[in-house]
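Chemist: Sending over a structure as structure tokens; questions will come in a sec.
Pasting the structure below:
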């Protein structure tokens, strides 16, 4: 029988890019998806910014309050241990949207007001109504930690957590307290931007996580902005056939860089940069990869970072082929040995003196 | 005699190699079975019992999330799809498992037929947490 508590709460949405679903007691929320008590997902388009400069990746994403009470949460896979998790700037995401998709002021205002939507604890931060915990552990440890802390993970969570934990054991858990948000006077549509700084060799954007908890027929929609020093090499390349479309790729304008730099915590923005916008519009099963990026100039994004192969993993089909080949070799050797021994015995018998 | 021994040893190596090359053995158990839950799927997804004969089933949940193993006929599952019971355990054909937990139960089905085992936690059945217990007529 269903074990989920069917509390009749009004839904709260944490519109967060790159976030893994985590159910709490009732409706839960996800990477841009609102999970209702019956498990239905109401898709929301989310926006995330991944900037990279001086060896540090800067994620900026927003948790949007959509009304209601109760506690909800989410998990985000990270490529490394963050040096800081802090409240993000107030307008960075909106400014990026405006750069690539200029909209009339009135429409923009309407969109902003609409409700869009036992691991090792490395860091704990409270940002407004968000309790954020950075965890280190394998899929089982992180999943168990989440379960122990009231997260209700969807059925694909074990596999998805494993998909990420094999490559990086760092996760960010965010528990959103709807009651605290109400107490703080947050209104529906108010977002809590979060800025995560992570030293890495190359930027990386987890995408498969966006499909978590979604059925085969559901669609994932999201916008990912990247700001890198130079034009990035990406894997998979967003060619439109894989659920990703490259919608913008050009040097960032001085005005954009200046505007971004003036936001909270964004003084790291360089004088020059390359702005990339990728639109995700994929059926959930299609989104089986992450976005690997190479900004080194080698133009060789990592297949492991893209999730196209696992570190040290061996393809079961390859293993089966090796097993078959080795087995056949042993069989051949055995049969050959039998034939040789029988022949040898006959020769010995024939040569034996009468 | 030494040569015959070598021949037998060679044949043995060949047989062992053939068995190894064929991969893990597959098959059902009639009086006991172990079912592993991994990535929200049952393995094996089919077990076999004999009508009227108790089947001892050990379910091993290797996932870090809750799961269920509920076995019964179509009407049984229809009830559970809309049920509200949070934990199972009072009945041998209804088992709830926490993360990493293992439990053993014994079930008996007197009527031959196919009985599905399903996890009815939200979304789990649709995700593929379905298996079948085939109950064969007693000979």
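Protein chains in written order, with this note's numbering: chain C, 344 to 697; chain P, 132 to 270. We put the CB at the ideal spot given by N, CA and C, even for glycine. These figures come from a predicted structure and were not determined experimentally.
Along chain C, which residues have their Cβ under 7 angstroms away from the Cβ of residue 101 (chain P)?
Modeler: Examination of residue 101 (chain P) is not possible in this model, given that chain P is present from 132 through 270 alone.
Chemist: Contact defined as beta carbons within less than 8 angstroms: I believe residue 436 (chain C) pairs with residue 536 (chain C). What is the distance between those atoms, to the nearest angstrom?
Modeler: The residue given as residue 436 (chain C) occupies position 93 in the first chain. The residue given as residue 536 (chain C) occupies position 193 in the first chain. Sure, about 7 angstroms apart at Cβ, within 8 angstroms.
Chemist: Kindly list, in the order they appear in chain P, the residues whose Cβ is closer than 9 angstroms to that of residue 490 (chain C).
Modeler: Position 147 of the first chain, counting from 1, holds the residue named residue 490 (chain C). Those within 9 angstroms of residue 490 (chain C) in chain P are 195, 196, 197, 229 and 230.
Chemist: Pick helix, strand or coil for residue 501 (chain C), following the three-state DSSP scheme.
Modeler: Along the first chain, one-based indexing puts residue 501 (chain C) at 158. In this structure, residue 501 (chain C) counts as helix in the three-state DSSP scheme.
Chemist: Between the segment 579 to 586 of chain C and the segment 662 to 672 of chain C, are three or more C-beta pairs nearer than 8 angstroms?
Modeler: no
Chemist: Return the chain-ordered list of same chain residues with a C-beta closer than 6 angstroms to the C-beta of residue 224 (chain P), the five sequence neighbours on each side being excluded.
Modeler: Position 93 of the second chain, counting from 1, holds the residue named residue 224 (chain P). Counting only residues of its own chain and dropping the five nearest sequence neighbours on each side, residue 224 (chain P) has a CB closer than 6 angstroms to the CB of 202, 203 and 238.
Chemist: Does any residue of chain C bring its CB to less than 7 angstroms from the CB of residue 258 (chain P)?
Modeler: By 1-based counting over the second chain, the position of residue 258 (chain P) is 127. Taking Cβ atoms only, chain C reaches closer than 7 angstroms to residue 258 (chain P), which makes this a yes.
Chemist: Can you list, in chain order, the residues of the segment 244 to 256 of chain P whose Cβ is nearer than 7 angstroms to any Cβ on chain C?
Modeler: For the segment 244 to 256 of chain P, which is checked against every Cβ of chain C, the residues closer than 7 angstroms are 251, 252, 253, 254 and 255.
Chemist: Just how far apart, CA to CA, sit residue 603 (chain C) and residue 499 (chain C)?
Modeler: The count along the first chain starts at 1 and reaches residue 603 (chain C) at position 260. The count along the first chain starts at 1 and reaches residue 499 (chain C) at position 156. Using only the alpha carbons, I get a separation of about 37 angstroms.
Chemist: I'd like to know if residue 487 (chain C) contacts chain P, where contact means its C-beta is closer than 7 angstroms to some C-beta of that chain.
Modeler: Here the question's residue 487 (chain C) lines up with position 144 in the first chain. It does: the Cβ of residue 487 (chain C) has a partner Cβ on chain P nearer than 7 angstroms.
Chemist: Going by DSSP, which residues form a beta bridge with residue 541 (chain C)?
Modeler: Here the question's residue 541 (chain C) lines up with position 198 in the first chain. Bridge partners of residue 541 (chain C): C:400.
Chemist: What does the alpha-carbon distance come out to for the pair residue 679 (chain C) and residue 489 (chain C)?
Modeler: Within the first chain, the letter at position 336 stands for residue 679 (chain C). Within the first chain, the letter at position 146 stands for residue 489 (chain C). Rounded to the nearest angstrom, the two C-alpha atoms are 58 angstroms apart.
Chemist: How is the alpha helix (DSSP H) around residue 440 (chain C) delimited, first residue to last?
Modeler: The sequence position of residue 440 (chain C) within the first chain is 97, counting from 1. Where residue 440 (chain C) is concerned, the enclosing alpha helix (DSSP H) stretches over 435 to 443.
Chemist: Give the straight-line distance between the Cα atoms of residue 606 (chain C) and residue 433 (chain C), rounded to the nearest whole angstrom.
Modeler: Here the question's residue 606 (chain C) lines up with position 263 in the first chain. Here the question's residue 433 (chain C) lines up with position 90 in the first chain. Cα to Cα, residue 606 (chain C) sits roughly 7 angstroms from residue 433 (chain C).
Chemist: Based on Cα-Cα distance, which residue from C:546, C:391 and C:468 lies nearest to residue 515 (chain C)?
Modeler: Here residue 515 (chain C) refers to the residue found at position 172 of the first chain. Checked all of C:546, C:391 and C:468; the closest Cα to residue 515 (chain C) is C:468.
Chemist: Answer with buried or exposed for residue 483 (chain C), where buried requires no fewer than 16 other C-beta atoms within 10 angstroms of its C-beta.
Modeler: As a working note, residue 483 (chain C) is residue 140 in the first chain. Buried: at least 16 other Cβ atoms inside 10 Å.
Chemist: Spatial neighbours of residue 454 (chain C) within its chain, please: CB distance less than 7 angstroms, with the 5 preceding and 5 following residues excluded, ordered by chain position.
Modeler: As a position in the first chain, residue 454 (chain C) is number 111, starting the count at 1. In this prediction, residue 454 (chain C) scores a pLDDT of 28, lower than 50, which makes its location untrustworthy; the coordinate-derived value is nonetheless stated afterwards. Once the five neighbours on either side are set aside, residue 454 (chain C) has no close Cβ partner at all.
Chemist: Where does residue 251 (chain P) sit, in a helix, a strand or coil, going by DSSP?
Modeler: Locating residue 251 (chain P) in the second chain gives position 120, counting from the first residue. DSSP places residue 251 (chain P) in coil when its eight states are reduced to three.
Chemist: I want to know whether the segment 538 to 558 of chain C touches the segment 622 to 633 of chain C - three or more CB-CB distances under 8 angstroms.
Modeler: Counting C-beta pairs closer than 8 angstroms gives three or more between the segment 538 to 558 of chain C and the segment 622 to 633 of chain C, which meets the contact rule.
Chemist: Which runs of the beta strand (DSSP E) spanning at least 3 residues fall entirely within the segment 180 to 228 of chain P, listed in chain order?
Modeler: Taken in chain order, the complete beta strand (DSSP E) segments of 3 residues or longer contained in the segment 180 to 228 of chain P are 186 to 192, 198 to 203 and 225 to 228.
Chemist: Looking at the C-beta of residue 515 (chain C), does it have a partner C-beta in chain P at a distance below 7 angstroms?
Modeler: By 1-based counting over the first chain, the position of residue 515 (chain C) is 172. It does not; no Cβ of chain P falls within 7 angstroms.
Chemist: Let's see if you can read the secondary structure: which residues bound the beta strand (DSSP E) around residue 428 (chain C)?
Modeler: In the first chain, residue 428 (chain C) corresponds to position 85, counting from 1. Start and end: 427 to 430.
Chemist: List the residues of chain P whose Cβ lies closer than 7 angstroms to the Cβ of residue 558 (chain C), in chain order.
Modeler: Stepping through the first chain from its first residue, residue 558 (chain C) is reached at position 215. The contacting residues are 257.
Chemist: Measure the C-alpha to C-alpha separation of residue 265 (chain P) and residue 485 (chain C) and round it to an integer number of angstroms.
Modeler: For the purposes of this step, residue 265 (chain P) is taken as residue 134 along the second chain, with counting starting at 1. For the purposes of this step, residue 485 (chain C) is taken as residue 142 along the first chain, with counting starting at 1. Computed Cα separation, rounded: 36 angstroms.
Chemist: Would you grab the beta carbon distance between residue 186 (chain P) and residue 163 (chain P) for me? Rounded to a whole angstrom, and I think it's under 8 angstroms.
Modeler: Locating residue 186 (chain P) in the second chain gives position 55, counting from the first residue. Locating residue 163 (chain P) in the second chain gives position 32, counting from the first residue. Yes, residue 186 (chain P) and residue 163 (chain P) are in contact; Cβ-Cβ is about 7 angstroms, under 8 angstroms.
Chemist: For residue 681 (chain C), which of helix, strand or coil comes out of DSSP?
Modeler: The count along the first chain starts at 1 and reaches residue 681 (chain C) at position 338. Helix, per DSSP.
Chemist: Taking Cβ positions only, does residue 630 (chain C) come closer than 7 angstroms to chain P?
Modeler: What you label residue 630 (chain C) is simply residue 287 of the first chain in a count that begins at 1. Contacts with chain P at 7 angstroms (Cβ-Cβ) do not include residue 630 (chain C).
Chemist: Residues bridged to residue 239 (chain P) by DSSP?
Modeler: By one-based count along the second chain, residue 239 (chain P) stands at place 108. None; residue 239 (chain P) has no bridge partner.
Chemist: May I ask you to list the residues that DSSP assigns as paired with residue 620 (chain C)?
Modeler: Here residue 620 (chain C) is taken as the residue at index 277 of the first chain, counted from 1. According to DSSP, residue 620 (chain C) bridges with C:568 and C:591.
Chemist: At least one CB of chain P closer than 7 angstroms to the CB of residue 362 (chain C): is that the case?
Modeler: Position 19 of the first chain holds residue 362 (chain C). Because residue 362 (chain C) carries a pLDDT of 35, less than 50, the predicted location of this residue cannot be relied on, and no value is offered for it.
Chemist: Taking all protein chains shown into account, do 16 or more other C-beta atoms lie within 10 angstroms of the C-beta of residue 464 (chain C), making it buried, or fewer, making it exposed?
Modeler: For the purposes of this step, residue 464 (chain C) is taken as the residue at position 121 of the first chain. Exposed is the call here.
Chemist: Shortest alpha-carbon distance to residue 570 (chain C) belongs to which of C:624, C:523, C:592 and C:428?
Modeler: Within the first chain, the letter at position 227 stands for residue 570 (chain C). Selected option, being the one with the closest Cα: C:592.
Chemist: Which bits of chain P does residue 575 (chain C) rub up against, with CB to CB less than 8 angstroms?
Modeler: The residue you call residue 575 (chain C) lines up with position 232 of the first chain. Ordered by position in chain P, no residue passes the 8 angstroms Cβ test against residue 575 (chain C), which lies about 32 angstroms from the chain.
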